[in-house]
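Heads up: the protein sequence lines correspond to chains A and B, in order.
Position one of the first sequence corresponds to residue 4 (our numbering), numbered consecutively onward.
Position one of the second sequence corresponds to residue 4 (our numbering), numbered consecutively onward.
Quick reminder that beta carbons are idealized off the backbone N, C-alpha and C, glycines included.
The block underneath contains the structure these notes are about, expressed in structure tokens.
Number of protein chains: 2
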Amino acid sequence: MTTSSATTETVLALLRSAPQSEEQLEQLALEAKTLPPGELVYLVETRPATESAILFRVLDKDAALAVFEALPATHQAELISGLRTQQVADIIGDLDPDDRASLLDELPASVAERLMHGLDLDERAMTTAVLGYPRHAIGRYMSPEVLPLTPGMSVREALAHVRTHAEQAETIYLLPVVDPSRVLLGVVGLRRLLLAEEEALVGDLAHAAVAAEATDDREDAARRFFAAELLAMPIVDGEQRLVGILTVDDAVAILDRENHEDSARTSGTEPLDRAYLSTPILRVVRSRIVWLLVLAISAILTVHVLEIFEDRLDQVVILALFIPLLTGTGGNTGNQAATTVTRALAVGEVRLRDLPRVVWRELRIGAVLGAVLGSLGLLVSGLVYGLAIGTVMGLTLLSICTMAAIVGGLMPLIAKKVGADPAVFSNPFISTFCDATGLIIYFTIATAVLGL
Amino acid sequence: MTTSSATTETVLALLRSAPQSEEQLEQLALEAKTLPPGELVYLVETRPATESAILFRVLDKDAALAVFEALPATHQAELISGLRTQQVADIIGDLDPDDRASLLDELPASVAERLMHGLDLDERAMTTAVLGYPRHAIGRYMSPEVLPLTPGMSVREALAHVRTHAEQAETIYLLPVVDPSRVLLGVVGLRRLLLAEEEALVGDLAHAAVAAEATDDREDAARRFFAAELLAMPIVDGEQRLVGILTVDDAVAILDRENHEDSARTSGTEPLDRAYLSTPILRVVRSRIVWLLVLAISAILTVHVLEIFEDRLDQVVILALFIPLLTGTGGNTGNQAATTVTRALAVGEVRLRDLPRVVWRELRIGAVLGAVLGSLGLLVSGLVYGLAIGTVMGLTLLSICTMAAIVGGLMPLIAKKVGADPAVFSNPFISTFCDATGLIIYFTIATAVLGL
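Here is the structure:
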């Protein structure tokens, strides 16, 4: 670890010195050769564009391809503009068709077209096929390089077929079985083939496939992939004809991307589509500003609520002291409930028909949480500010926690019902909503208890 | 979709009628047979304990095992207490050693011991081996059922060996190669073996393995697994001797669990270890109350800050109106930064040495966000409440956004530096911190501008 980190530092120092002479570049190439691929990706990904391009150009072909494949498509597109045509053609030719499609998508149409013409016919056909599906469709992520068997093959024939054609296949561990018009009949695992009698028929060994249609949503398809504990999943068209195969690494990448998106949106920001450290400042601002504005504008609601109660505040200015504590607690309680229910929805433990059960559960959970916090609030603020204020705090905490838990539990279900991403009613949104509602509860209780 | 949902309703109705007679139970069994495994899991997982037990008991052996395997260990342990001894023994015997270890962990020691005695010697030995590793170690998740080759084997011998012993192996698609004392020398993919000459030696085909030590942290090991795009990863002991193998489904389950934990903690709650709808209310409360108390107690800080400025509030009560809006905006900005940096840390795009770059970036990002929001704040509140208040709002939003972005960017790095989970400095914690700091900024600016 220490040595590798020391070399990363060496390469970093060389890069920063803006190497230009043959000799300097050769030294950089030599040092870079000793770095593990992960370190190279880190450097290319996080250094400014000029340094990335210099480093990338001194890599040998295999290392360059490995690094290139690890970059997000937007970053790939940028990098390409700084490379010589031959190097670009080599890299594009070596990418998998699905990765190539993502990259071409990010390039200006004229550049993409020129690159497509540089490919051989087969590669071009496969790339076009993948590019034909909508952006979030699973067809975008499949590999068209699939190796189908037919049910009439014997195990011996099938294994020979696999041996001869393995080069063209993305995976040989799960083999789709198709009829003469390429309609998917089932799948057979290589394990099963290997253990079977040589004269057995593929058709007798195959079993029903867990497959997806190429136009299916990528997240749904990836979740089905993992639920069925697959190593690969055949992808079919609308007529159930085999068009490609999805492998584990693709499914993992999709779920990772979805998790990233969800956790970003839950915190009120859009995910960045390239490395944080090399994303231009204004692009990061763009990923945050819309949410921030929407939330700030919603928060004007709280100003209006407080305006209504301005004379109470004027009478008992002490009431203002507890505003951040109360709104904070409401927001936290709401977010806890929303996070739990969003997760339960995602894994299918909660469904829309469970809405009444969710509300009833959160009502009780919120009441218990509110009773604990309320008792504490009554005690502490009662001791410091007197019984009347203590009573207001106790009752308010009890009510706010109950309300917030119900709101937090409901929001993801409502989002699902209207067909929106549950993350749209994100945590900050729930907080803002609970802020306004909580303030109304607070001043209503204060007015009643203090007789204002 | 509609038919399957209709049948779920039928089974649900039967369950709710508390079936007891032979005939009723037989009808339930018949209806349950037509449900896909996912629906059975949903019902067993989310119905009250008595209904779950009834449904589970009418399932045939394969369906019962499939459902049982899909349940979290805590839920498995509960279910077991309601079953007949023979059914329990059957299920325990059929589980994978790693799943069995998780379950035994959840059972009372006496029950676990009795169950262990019911296993045959081999199964018992493997379970004990897995149970020997600490709770978060990758050894807990590996399968000891591994099929090693030796470097001197020819491809023909190796394939014959695989065919004969495949039954005892968790996977045959990646085969570890070991020396006579079981030290891991490398791995060879089944694909490679199949395509090689029959007389080639395994030792010449093998390549260096990406492996993990059994005591390694599960999350680190799983991340390495996916970074290297593996189908399986050999697990070794401290002397590099092969002890087991980790497969894709285990690695996926670990990462899913970690994602769940992180997203829960980020929202200030502990993850539930069983289905939300069937978790007792008080257990849900327990998962939330500690965080809520800690946050509420930290929020007392905001009360103290406001107390310091109480006379300013008394003079200009209008200042109170903007408190929730300002604290909310600060919290949101901080959370956005924290989420982005936490993600970048997790995927290795940001490292500890990048701390100055992160601070410098967030300072500029926060300033731009603050400038946009501040201008808007100046305009809107200036129009409604006059120029002085407008100026206070503009300057405060600018300062709060800048401060919050820096704090949000720093917190995950500080957590990492002190060796804590970045999720510990969770979003609500950052919000609370930004609330208190933001209020100080607000009243300091107000005092200066309004000349209080």
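The three-state secondary structure of P237 of chain A, taken from DSSP, is strand. Around the CB of L38 of chain A, 16 or more other CB atoms lie within 10 Å, so the residue is classed as buried. When only Cα atoms are considered, G142 of chain B and R244 of chain B end up about 13 Å apart. Interface residue (Cβ-Cβ distance to chain A less than 8 Å): A449 of chain B is not classified as such. Look at V362 of chain B: its C-beta is not under 8 Å from any C-beta on chain A. Per DSSP, reduced to three states, the secondary structure at L62 of chain B is coil, with no helix or strand assignment. Spanning the alpha carbons of A169 of chain B and V213 of chain B requires a straight line of approximately 22 Å. Between the segment 191 to 211 of chain A and the segment 167 to 182 of chain A, the count of C-beta pairs closer than 8 Å reaches three or more; the two stretches touch. Restricting attention to B:T131, B:F436, B:I284 and B:P274, the CA atom closest to the CA of V361 of chain A is found in B:I284. Contact annotation: in the segment 297 to 331 of chain B, residues whose CB is within less than 8 Å of a CB in chain A are L298, A299, A302, I303, T305, V306, L309, E310, E313, L316, D317, V320, I321, A323, L324, F325, I326, P327, L328, T330 and G331. Contact annotation: V181 of chain B and V371 of chain A have beta-carbon atoms that are not nearer than 8 Å. The C-beta distance from L328 of chain B to A299 of chain A rounds to 7 Å, short enough to meet the 8 Å contact threshold. Residue pairing by DSSP places P179 of chain B opposite B:V190 in a beta bridge. With respect to the 8 Å criterion, A80 of chain B and L122 of chain B are not classified as neighbours on the basis of their beta carbons. Boundaries around I300 of chain A are those of the alpha helix (DSSP H), I284 to I311, since no beta strand (DSSP E) includes it. Judged by DSSP secondary structure, I248 of chain A falls within the beta strand (DSSP E) whose first and last residues are L245 to T250.
The Cβ of R367 of chain B sits closer than 8 Å to at least one Cβ of chain A. With contacts defined as CB atoms closer than 8 Å, G247 of chain B and P147 of chain B qualify as a contacting pair.
At the C-beta level, L58 of chain B and L68 of chain B stay beyond 8 Å of one another. The beta-carbon of F229 of chain B is placed less than 8 Å from the nearest beta-carbon of chain A. Taken atom to atom, the span from the alpha-carbon of D63 of chain A to that of T53 of chain A is near 18 Å. When rounded, the separation of the alpha-carbon atoms in L453 of chain A and Y388 of chain A is 13 Å.
Excluding sequence positions up to five before and after P137 of chain B, its CB lies within less than 8 Å of the CB of R143 and T218, all in the same chain and listed in chain order.
One alpha carbon belongs to V165 of chain B, the other to I95 of chain B, and they sit about 27 Å apart. L324 of chain A and L309 of chain B have their alpha carbons spaced roughly 5 Å apart. Put simply, the backbone Cα of D276 of chain B is about 49 Å away from that of D93 of chain A. N430 of chain B sits close to S270 of chain B, with the two beta carbons spaced by under 8 Å. By the beta-carbon neighbour count (other beta carbons within 10 angstroms, threshold 16), S113 of chain B is exposed.
Within a 10 Å sphere around the beta-carbon of T167 of chain A sit fewer than 16 other beta-carbons, which makes this residue exposed. Counting along the chain, the unbroken alpha helix (DSSP H) around V47 of chain B starts and ends at P40 to T49.
The segment 225 to 235 of chain A makes no contact with the segment 194 to 208 of chain A; the number of CB pairs closer than 8 Å stays below 3. Checking the DSSP bridge columns, you'll see D220 of chain B partnered with B:A140.
The beta-carbon separation of L295 of chain A and L17 of chain B, rounded to 51 Å, does not stay under the 8 Å limit for a contact. For R221 of chain B, the closest C-alpha among the options B:I238, B:R315 and B:H120 is that of B:I238. Separation of P274 of chain B and H210 of chain B (C-alpha to C-alpha, rounded to the nearest whole angstrom) is 40 Å. Of all residues in the segment 241 to 265 of chain A, only V251, D252, V255, N262 and H263 place a beta-carbon less than 7 Å from a beta-carbon of chain B.
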